[in-house]
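Heads up, the thing below is written out as structure tokens.
There are 2 protein chains.
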Amino acid sequence: MSSTLSRAIKSFPNRFDPDVLSTLPAHLQETIRRRHQVLGPGYMLMYREPVEFVSGQGAHLFDHEGNDYLDVYNNVPCVGHAHPRVVEVVSRQLAAVNTNTRYVQEALVDYAERLLATFPAGLSRLSLACSGSEANDLAMRVAKYHTGGEGIIVTRWAYHGITSEVSRFSPSLGKGSPLGPGVRLIDPPDPRLVAPGSTLAEHMRAQVRDAIEDLERHGFRLAALVTDSTYSSDGIFTDPVGYMPGVVEEVHAAGGVYIADEVQSGFARLGEEMWGFARHGVLPDIVTMGKPMGNGVPISGVVFRPEVSDDFGRNVRYFNTFAGSSIPVAAGAAVLDVFEEENVQQRVLENGTTLRAGIEEITRESPYVAEVRGRGLYVGVEIVADRDTLAPDRGLAEDVISDMRDRRVLISGTAKAANVLKIRPPLAFTSADVTRFLETFAEVAKERL
Amino acid sequence: MSSTLSRAIKSFPNRFDPDVLSTLPAHLQETIRRRHQVLGPGYMLMYREPVEFVSGQGAHLFDHEGNDYLDVYNNVPCVGHAHPRVVEVVSRQLAAVNTNTRYVQEALVDYAERLLATFPAGLSRLSLACSGSEANDLAMRVAKYHTGGEGIIVTRWAYHGITSEVSRFSPSLGKGSPLGPGVRLIDPPDPRLVAPGSTLAEHMRAQVRDAIEDLERHGFRLAALVTDSTYSSDGIFTDPVGYMPGVVEEVHAAGGVYIADEVQSGFARLGEEMWGFARHGVLPDIVTMGKPMGNGVPISGVVFRPEVSDDFGRNVRYFNTFAGSSIPVAAGAAVLDVFEEENVQQRVLENGTTLRAGIEEITRESPYVAEVRGRGLYVGVEIVADRDTLAPDRGLAEDVISDMRDRRVLISGTAKAANVLKIRPPLAFTSADVTRFLETFAEVAKERL
């Protein structure tokens, strides 16, 4: 099946290789063969041995035999798989009605007010969409309209989505997806890339300034800088902070806007704040959010400073049929309920701290672990062949991921070289889950790291 | 609120005018004021007096006071508002698990096989997305990749969606949304536009040939012709058929593909066939679908001829997190269940025939009705100031829509001049619903038409 696949596809982290299909259990083989017959372009499975789940609870997933897998990867079911509150609220709404935003819906207004209350003053308009890609697509439409520019700055291996427009500023999609002519790439905030004598803040600011200069030299006025506060696909670079104020100054001086892509870092993923940008001490012009927003019911959002969005609103028609209709809004509101009732953010902070400390402890002596990075319930472990050269070791990373999966603990990989373990459980992760993860990780690390 | 709005916004059919907000009931005013404070660009309400619903059943919607409105407009709740089968299946799935397509899901494969079985041979690959816009965006990405072209042909007032890319080939969005440089417009298949001595087939074919020639003269190779088989936003032109084979021949001869946008016309809306394109005796290269697919749970799809999509699949990464996950797939499968159990298509055919015949009967003598068009449960009534000049009368159309709404029957308007009544109930529309609609319409027509 795969011999003619491009490097962009083959290099996807922790991708199941269809060439080994015949080694899988018979029923799994059969389902995957059928799948291959009917699904369109681009569908990939994860893990050397893919897995199917029939139920879930908290951070646990259960297969056909009732085996209990610990989910340390999925960020969509943020308050937990099949959370009873979300199930109840959404089921009730399904049984009542689902109207779109061209009808009056007090619940939509209530939700918008509640969600906007988690933002700093100034970010006061909410538009809803269906996916993170649609949110970033709308954000960029508005940014281009408002600024009159076409230039875009993103990090070197960023991922922002898969619409035609957004794929053109998502370099991590690889060579099959060409970048737009007005897109410029900068390093993620990796302190190891800073020249001696400089600082991370200077390095980031200089890169943005150079990118703007190069854009302008090519006739592109800046529309936007877009950053994911976790730099997830770049390899997870949450710290240190402190460089953003200078970066945003450059962006604004060039007439551009700063779009904070919170699809990964939003909804308290990083523990300290509801939104990742808040750690950086800057006010974005536009904020986008997605995956965890409805705990699996498709909903995404864009929050604007009105000065940035109101001219678009006066001139451009935008209606997204499903977005903002009663069912996704019910799901979004239920997630906010659970955040309050279970004090989710505090739990993320506490369990995230233990999780990261445990991972650091386990890997401290390993010659194959260059760094442990991350914050809250998002941790990256950079796997290298050699701590001095930092040469990435994708094979070893995938051995670890696969060994973990065989022990029924689900993580995956990230970064261009696919050598960073991506440890990102549902926010429902408990202290018992942390313990189970660390015990299993210690076993695997003992053999592999 | 509206004095600085563009013509594109103000001209939206049956749009609530915020300037008359103070004439509404107090609670409604309050909700709309709050809504205006928190929602982002582009949100519009329908009807001179907007309305809020708290429950629904079949083609009926109920407001806070329990008033029973007949829904003759919404195509998303296709098998009926809050259909018990869909509620049950989706609620059960919500309580079980929701994994994405990077895990094995037999239910996804089952659904894809079932849905593809409704297509003619050759259309055999399904990709899922979240919205019709995402479906059309992916369709165009694949079309451009496959053909190497950038040229697009659509009808003059077509609507295909709201991503950056799709908005550039959706002329009905109006002047605020510029068309792409490689987009060319042709007339919808309105026989009244055909020159004496010619035929509709010749007229349509000649327009496509001219558009291709003009594109090539400007350096654009053709990527795709995209048509909505109902020509919904153009004003609803379902008949006569017979012109598409020649049109598609031109498209293929120029190296382009034919994308059938079935967001409006799919899922048996037109009664005779599951898919609108099937009435035209042509095989599309790509088919897109959306709104009714999950009865309100966000799900959309793209079906490809493998020859068109497989090269994209080998080279380009595409992953849509929510799309194809367990909840939307459960909703999609439940809709197909209901189609089989209730023989939905037969019901559409029967009730559609009665509906249209009744509307024709009521409007036959009216000096203000130029034509009744449509098929199945999609009927358009063109309202004019004068049957000879065909001068559109938007005001009169909106009077009719508003009078119907005041009698608790919901329809809306379409076409560039907003003068075509858009009569498009859920497919759950019963013969009793047809009777109620026709009685109310006869009352309003007696006064207005």
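Chains A and B, in that order, are what the protein sequence lines are.
Quick note: the first sequence uses my numbering, first residue 251, plus one each step.
Quick note: the second sequence uses my numbering, first residue 251, plus one each step.
Note that the Cβ used here is the ideal one computed from N, Cα and C, for glycine as well.
Nearest candidate by alpha-carbon position, reference residue i, set the options
i, options, result
"residue 215 of chain A", "A/431, A/682, A/322, A/381", "The displayed coordinates of chain A run from 251 to 699. Any statement about residue 215 of chain A would go beyond what the structure contains."
"residue 412 of chain A", "B/429, B/311, B/390, B/420", "B/390"
"residue 450 of chain B", "B/470, B/491, B/518", "B/491"
"residue 242 of chain B", "B/697, B/658, B/666, B/460", "Nothing about residue 242 of chain B can be reported from this structure: the residues present for chain B run from 251 to 699 only."
"residue 362 of chain B", "A/534, A/383, A/284", "A/284"
"residue 366 of chain A", "A/313, A/553, A/580", "A/553"
"residue 374 of chain B", "B/408, B/555, B/445", "B/555"
"residue 655 of chain A", "A/317, A/280, A/416", "A/317"
"residue 513 of chain B", "B/593, B/302, B/273, B/384", "B/384"
"residue 547 of chain A", "A/401, A/370, A/584, A/469", "A/584"
"residue 545 of chain B", "B/597, B/424, B/678", "B/678"
Enclosing beta strand (DSSP E) for residue i [first to last residue]
i, result
"residue 632 of chain A", "628-633"
"residue 621 of chain B", "619-625"
"residue 510 of chain B", "507-511"
"residue 405 of chain B", "401-405"
"residue 379 of chain A", "375-379"
"residue 429 of chain B", "Counting along the chain, residue 429 of chain B falls outside any beta strand (DSSP E), and DSSP gives it neither H nor E."
Beta-carbon proximity of residue i to residue j, cut-off 8 angstroms
i, j, result
"residue 531 of chain A", "residue 543 of chain A", "no"
"residue 348 of chain A", "residue 577 of chain A", "yes"
"residue 628 of chain A", "residue 480 of chain A", "yes"
"residue 475 of chain B", "residue 403 of chain B", "yes"
"residue 516 of chain B", "residue 539 of chain B", "yes"
"residue 634 of chain A", "residue 641 of chain A", "yes"
"residue 418 of chain B", "residue 465 of chain B", "no"
"residue 357 of chain B", "residue 580 of chain B", "yes"
"residue 386 of chain A", "residue 648 of chain A", "no"
"residue 397 of chain A", "residue 473 of chain A", "yes"
Chain B within 8 angstroms of residue i, Cβ atoms only
i, result
"residue 514 of chain A", "no"
"residue 251 of chain A", "Residue confidence for residue 251 of chain A is low, a pLDDT of 46 falling below 50, so the modelled location carries little weight; the figure read from the coordinates is stated next. So, not an interface residue."
"residue 672 of chain A", "no"
"residue 630 of chain A", "no"
"residue 387 of chain A", "yes"
"residue 302 of chain A", "yes"
"residue 331 of chain A", "yes"
"residue 294 of chain A", "yes"
"residue 260 of chain A", "no"
"residue 575 of chain A", "yes"
The alpha helix (DSSP H) enclosing residue i, as first and last residue numbers
i, result
"residue 581 of chain B", "576-591"
"residue 595 of chain B", "594-613"
"residue 336 of chain A", "334-346"
"residue 307 of chain A", "Premise fails: residue 307 of chain A lies in the beta strand (DSSP E), 305-307, not in any alpha helix (DSSP H)."
"residue 391 of chain B", "382-397"
CB contact check: residue i to chain A, cutoff 8 angstroms
i, result
"residue 268 of chain B", "no"
"residue 571 of chain B", "yes"
"residue 380 of chain B", "yes"
"residue 657 of chain B", "no"
"residue 209 of chain B", "Here chain B comprises residues numbered 251 to 699, so residue 209 of chain B is not present and cannot be evaluated."
"residue 404 of chain B", "no"
"residue 284 of chain B", "yes"
"residue 391 of chain B", "yes"
"residue 412 of chain B", "yes"
"residue 641 of chain B", "no"
"residue 366 of chain B", "yes"
"residue 227 of chain B", "Only positions 251 to 699 of chain B appear in this structure, which leaves residue 227 of chain B out of reach."
"residue 355 of chain B", "yes"
Residue i: CB within 7 angstroms of a non-hydrogen atom of the ligand PLP
i, result
"residue 537 of chain A", "As far as ligands go, the structure on display features none, and thus does not contain the ligand PLP."
Worksheet entry | Segment contact flag, the stretch 251-270 of chain B with the stretch 653-673 of chain A, C-beta cutoff 8 angstroms, min 3 pairs | In short, these stretches do not touch, since the Cβ pair count stays below three.
Worksheet item: Quick one: any contact between the stretch 561-573 of chain B and the stretch 287-298 of chain A, if contact means 3 or more CB pairs under 8 angstroms?
Response: yes
Worksheet item: For the stretch 439-447 of chain A against the stretch 487-498 of chain A, are there 3 or more C-beta pairs whose distance is under 8 angstroms?
Response: yes
Worksheet item: Should the stretch 412-425 of chain A be called in touch with the stretch 364-380 of chain A, which here means at least 3 C-beta pairs below 8 angstroms?
Response: no
Discussion item. Could you check whether the stretch 587-597 of chain A touches the stretch 612-624 of chain B, counting it as contact only if at least three pairs of C-beta atoms, one from each stretch, sit closer than 8 angstroms?
Written reply: no
Worksheet item: Would you say the stretch 452-460 of chain B touches the stretch 491-508 of chain B, given that touching needs at least three Cβ pairs under 8 angstroms?
Response: yes
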